[in-house]
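Undergrad: The structure follows.
There are 2 protein chains.
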Amino acid sequence: MDRIRRTERLAVMTKILMDSPNRILTLGSFCEKFGSAKSSLSEDIDILRTIFAQYDLGTLETVTGAAGGVRYRPMITGEAAYNSVSEVARLLSQPGRILPGGFIYMADILAMPDVVEKMGNIIASQYYRQEPDFVLTMETKGIPIALMTAKALGIPTVIVRRDSKVYEGPAVNINYISGTGNRIETMSLSRRAVKEGQRTLIVDDFMRAGGTPRGMVDMMKEFSVSVAGICVLMSTAEPAKKRIDGVKSLLMLESIDDSTGSANIRPSNWLQSMRKATNS
Amino acid sequence: MDRIRRTERLAVMTKILMDSPNRILTLGSFCEKFGSAKSSLSEDIDILRTIFAQYDLGTLETVTGAAGGVRYRPMITGEAAYNSVSEVARLLSQPGRILPGGFIYMADILAMPDVVEKMGNIIASQYYRQEPDFVLTMETKGIPIALMTAKALGIPTVIVRRDSKVYEGPAVNINYISGTGNRIETMSLSRRAVKEGQRTLIVDDFMRAGGTPRGMVDMMKEFSVSVAGICVLMSTAEPAKKRIDGVKSLLMLESIDDSTGSANIRPSNWLQSMRKATNS
């Protein structure tokens, strides 16, 4: 009977942990749910930790102390991260995605839940230590990846708008220099969206010259929010000098072949070295 | 030994099934992963089905035939759905959310991954039978709920824009009558975003007069795409006559109390009756 109960508990705990990534769940809450002793549940956690590690399902950590418990993180690193990002590079390199002006049609890939969830998990894996309070993104295409990154980090998303909206209340508007055309654009964020002293992780889909992330960093200064990191799905090799430093990118757009209408896209160097580090 | 192996398999299978909602996973794929016999895995599935039902974790169905296998759906219905929606109603009814013009500040709630995932699962639960090919939404605030609905249904999201973008390629633009002001607005959808003959589920965050969902239905006519259903997180009691019929809503905004700055929001009638049906 106890064996069957354990089987049951482990399946249910897997579901519960996956539903609340990066949140500390107390052993007490599981005791209550299953009517089991803490000692049994501690053993359950140990077994789950081994299984998760063995099958590359993410990490399970025991957090000690008064607010202690167990915390699940859908970590994707090394070989698995490299392979997932390579697959997205392959999809985006398909012929026919190049649009006039050297733009790439990415909207379909950026709205596939399974793809953006994997990318979000990979991005989150890089920022658990920084403990951001929310993920900041700029509407529209980056929202799905930002949301999935926030889900993995167990924090909310905050969306910067292109202009003030009546349903966002009082807002701070700032001007920024748009990547390509050196045009002055406006971005707007509701006053009540964030709190002074918080830390943010900035996530976006695409960076060329870096004007948009730079604008988001400037916006955060207006709110006295510090920036724990900036990560984009794809950045371009050119221009090499961006308007902002320290941006991490999953994909690098090396060049565009106008004759075939396809792009040369590859996983960024840090993903390649992380992969080697895992294999060695 | 076999017992330990089963424990392991069930935890890993739970994770894999949750990662691919509404997709048929073959027994063969699990046999390969675990090196186990089909008969053991059939038993595993039976056990998991019982556990999932017992703990209200969603449904696990066996699909027979050549393309057969097992399919997980994160169904939330009845009492659990009612309670989740009530909690969102409570959050949105908090004083201080009312903005000039009778708008409600919802942006923070609409960007919380755990909240929108639950709402997405509830919306998806209503449309599995209709088998939509994609979820359609209009930028910006509805994107997180639409994405999570699409995730539960195992299908992509498609985002309608307010204007054509250089990175979306050739697009179809249509005019529609915006809910409140009787203003003519434009919406734009990339030509390559959807295919003729597909079926869509339209998901949005808020509906007052219904101009936006009506515009999305008209847009789908231009693409020869049929509409399997329309669902919004919240609709207003007034005006009672909307520009479009048959829209399902999770929440009903009954009235706004200007003196306290709070709104009277409750779960829609169909959620209440679904709850009663479960309890009776």
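As you go down the protein sequences, you meet chains A and B in turn. All residue numbers for the first sequence refer to this note's numbering, where the first residue is 1 and numbers rise by one. All residue numbers for the second sequence refer to this note's numbering, where the first residue is 1001 and numbers rise by one. We treat Cβ as the ideally placed atom computed from N, Cα and C, and that holds for glycine.
1. Determine, for A:Y127, whether the minimum Cβ-Cβ distance to residues of chain B falls below 8 Å.
2. Chain B beta carbons: is any one of them nearer than 8 Å to that of A:I244?
3. Between B:T1157, B:P1095, B:L1099, B:L1091, which has its C-alpha nearest B:G1120's C-alpha?
4. Just to check my reading of the structure: A:G210 and A:K242 have Cβ atoms closer than 8 Å, yes? What is that Cβ distance to the nearest angstrom?
5. What are the partner residues of B:N1173, as DSSP defines its beta bridges?
6. Could you pull out every unbroken alpha helix (DSSP H) segment of at least 4 residues lying fully inside the stretch 1041-1092 of chain B, listed in chain order?
7. Under a CB-based cut-off of 8 Å, is A:R192 close to chain B?
8. At which residues does the beta strand (DSSP E) containing B:G1229 begin and terminate?
9. I'd like to know if B:Y1105 contacts chain A, where contact means its C-beta is closer than 8 Å to some C-beta of that chain.
10. Quick one: does the C-beta of B:F1206 sit closer than 7 Å to a heavy atom of the ligand ZN?
11. Does A:T140 come within less than 8 Å of chain B when only Cβ atoms are used?
12. Using a Cβ-Cβ distance under 8 Å, would A:L233 count as near chain B?
13. Report, in whole angstroms, the separation of the C-beta atoms of A:M148 and A:V116, which I expect to be a contact under 8 Å.
14. At which residues does the beta strand (DSSP E) containing A:S249 begin and terminate?
15. Any beta-carbon of chain B closer than 8 Å to the one on A:A80?
16. Do you know whose CA, among B:T1026, B:T1186, B:L1048, lies nearest B:R1006's CA?
17. Note the first and the last residue of the continuous alpha helix (DSSP H) segment covering A:A152.
18. Measure the alpha-carbon distance for A:L10 versus A:I109 and round it to whole angstroms.
19. Can you pull the chain B residues whose beta carbon is under 8 Å from the beta carbon of A:K151, in chain order?
20. Consider the Cβ of B:K1195: report whether some Cβ of chain A lies at a distance smaller than 8 Å.
21. I need the boundaries of the alpha helix (DSSP H) containing A:T212, first residue and last residue.
22. Who are the Cβ neighbours of B:W1270 in its own chain at under 8 Å, not counting the five residues just before and after it?
23. Using a cut-off of 7 Å between C-beta atoms, extract the partners of B:A1011 located in chain E.
24. Spell out whether any CB of chain B is found under 8 Å from the CB atom of A:L57.
25. What's the gap between the Cα of B:A1080 and the Cα of A:G28?
26. Which chain B residues sit within Cβ distance under 8 Å of A:P156?
27. Could you tell me whether any Cβ in chain A is nearer than 8 Å to the Cβ of B:E1061?
28. Starting from B:S1178, trace the beta strand (DSSP E) in both directions and tell me its first and last residue.
29. Looking at A:L291: is its Cβ nearer than 8 Å to the Cβ of A:P267?
30. In whole angstroms, what is the alpha-carbon distance linking B:E1032 and A:P170?
31. Determine the contact status of A:L153 and A:N22, defining contact as a CB-CB distance below 8 Å.
32. Use the C-beta contact count for A:Q94: other C-beta atoms within 10 angstroms, 16 or more gives buried, fewer gives exposed.
33. Indicate the three-state DSSP secondary structure (helix, strand or coil) for B:N1264 in the structure shown.
34. Assuming contact is defined by CB atoms lying nearer than 8 Å, are B:T1014 and A:T14 in contact in what I supplied?
35. Which residues in the same chain have their Cβ closer than 7 Å to the Cβ of A:K38, if we skip the five residues on either side of it in sequence?
36. Below 8 Å between beta carbons: does that hold for B:Q1041 and B:I1265?
TA: In terms of the structure at hand:
1. Position 127 of the first sequence holds residue 127 of chain A. So, not an interface residue.
2. Within the first sequence, the letter at position 244 stands for residue 244 of chain A. Chain B, which has no Cβ nearer than 8 Å to the Cβ of A:I244, makes this no.
3. The residue given as residue 1120 of chain B occupies position 120 in the second sequence. Of the candidates B:T1157, B:P1095, B:L1099, B:L1091, the one whose C-alpha sits nearest the C-alpha of B:G1120 is B:T1157.
4. Residue numbering aside, residue 210 of chain A sits at position 210 when the first sequence is read from its first letter. Residue numbering aside, residue 242 of chain A sits at position 242 when the first sequence is read from its first letter. About 4 Å; that satisfies the 8 Å criterion.
5. Within the second sequence, the letter at position 173 stands for residue 1173 of chain B. According to DSSP, which records beta bridges pairwise, B:N1173 is partnered with B:S1188.
6. 1078-1092
7. Working through the first sequence from its first residue, we reach residue 192 of chain A at position 192. For A:R192, the answer is yes, since a Cβ of chain B falls inside 8 Å of its Cβ.
8. Within the second sequence, the letter at position 229 stands for residue 1229 of chain B. Element bounds for B:G1229: 1226-1236.
9. To locate residue 1105 of chain B, count along the second sequence from 1; it is residue 105. Yes, B:Y1105 lies at the interface with chain A (some Cβ there is under 8 Å from its Cβ).
10. The ligand ZN is not part of this structure, which contains no ligands at all.
11. Reading the first sequence from its first residue, position 140 is the one you call residue 140 of chain A. A:T140 counts as touching chain B.
12. The sequence position of residue 233 of chain A within the first sequence is 233, counting from 1. By this cut-off, A:L233 is not an interface position.
13. What you label residue 148 of chain A is simply residue 148 of the first sequence in a count that begins at 1. What you label residue 116 of chain A is simply residue 116 of the first sequence in a count that begins at 1. With 8 Å as the limit, A:M148 and A:V116 qualify as a contact, their Cβ atoms being about 5 Å apart.
14. Taking the first sequence and counting its residues from 1, one reaches residue 249 of chain A at position 249. Unbroken beta strand (DSSP E) run through A:S249: 247-257.
15. Here residue 80 of chain A refers to the residue found at position 80 of the first sequence. Answer no: the Cβ-Cβ gap between A:A80 and chain B never drops below 8 Å.
16. As a first step, residue 1006 of chain B is located in the second sequence; it is residue number 6 there, counting from the start. Comparing Cα positions, the closest option is B:L1048.
17. The residue labelled residue 152 of chain A in the question sits at position 152 within the first sequence. Element bounds for A:A152: 143-153.
18. Reading the first sequence from its first residue, position 10 is the one you call residue 10 of chain A. Reading the first sequence from its first residue, position 109 is the one you call residue 109 of chain A. Cα to Cα, the separation comes out at about 34 Å.
19. Taking the first sequence and counting its residues from 1, one reaches residue 151 of chain A at position 151. Chain B residues near A:K151: P1113, D1114, E1117.
20. Residue numbering aside, residue 1195 of chain B sits at position 195 when the second sequence is read from its first letter. Cβ-Cβ to chain A under 8 Å: no for B:K1195.
21. Walking along the first sequence from the start, residue 212 of chain A turns up at place 212. Where A:T212 is concerned, the enclosing alpha helix (DSSP H) stretches over 211-222.
22. For this step, residue 1270 of chain B is matched to residue 270 along the second sequence. So the qualifying residues of the chain are K1248.
23. Reference to chain E is not applicable here, since the protein chains of this structure are A and B.
24. For the purposes of this step, residue 57 of chain A is identified with residue 57 of the first sequence, where counting begins at 1. Output row for A:L57: interface = yes.
25. Taking the first residue of the second sequence as position 1, residue 1080 of chain B is located at position 80. Taking the first residue of the first sequence as position 1, residue 28 of chain A is located at position 28. B:A1080 and A:G28: Cα-Cα distance of roughly 22 Å.
26. Reading the first sequence from its first residue, position 156 is the one you call residue 156 of chain A. Chain B residues near A:P156: D1108, A1111, M1112, P1113.
27. On the second sequence, position 61 is the one that residue 1061 of chain B refers to. Not closer than 8 Å to any Cβ of chain A, the Cβ of B:E1061 fails to qualify, so no.
28. As a position in the second sequence, residue 1178 of chain B is number 178, starting the count at 1. Looking at the DSSP string, B:S1178 is not in any beta strand (DSSP E), and its letter there is neither H nor E.
29. Since the displayed chain A opens at 1 and closes at 280, residue 291 of chain A lies outside it and no answer follows.
30. Numbered from its first residue, the second sequence carries residue 1032 of chain B at position 32. Numbered from its first residue, the first sequence carries residue 170 of chain A at position 170. Their Cα atoms are separated by approximately 56 Å.
31. For the purposes of this step, residue 153 of chain A is taken as the residue at position 153 of the first sequence. For the purposes of this step, residue 22 of chain A is taken as the residue at position 22 of the first sequence. Against a cut-off of 8 Å, the Cβ pair of A:N22 and A:L153 comes out as a contact.
32. As a working note, residue 94 of chain A is residue 94 in the first sequence. Exposed, since its Cβ has fewer than 16 Cβ neighbours within 10 Å.
33. Here the question's residue 1264 of chain B lines up with position 264 in the second sequence. Note: B:N1264 maps to strand in three-state DSSP.
34. In the second sequence, the residue the question calls residue 1014 of chain B occupies position 14. In the first sequence, the residue the question calls residue 14 of chain A occupies position 14. Yes. Within cutoff.
35. To locate residue 38 of chain A, count along the first sequence from 1; it is residue 38. Cβ neighbours of A:K38 beyond the five flanking positions: L27, C31.
36. For this step, residue 1041 of chain B is matched to residue 41 along the second sequence. For this step, residue 1265 of chain B is matched to residue 265 along the second sequence. The amino acid at residue 1041 of chain B is misidentified as Gln; the sequence shows Leu. Not in contact: B:L1041 and B:I1265 (Cβ atoms no closer than 8 Å).
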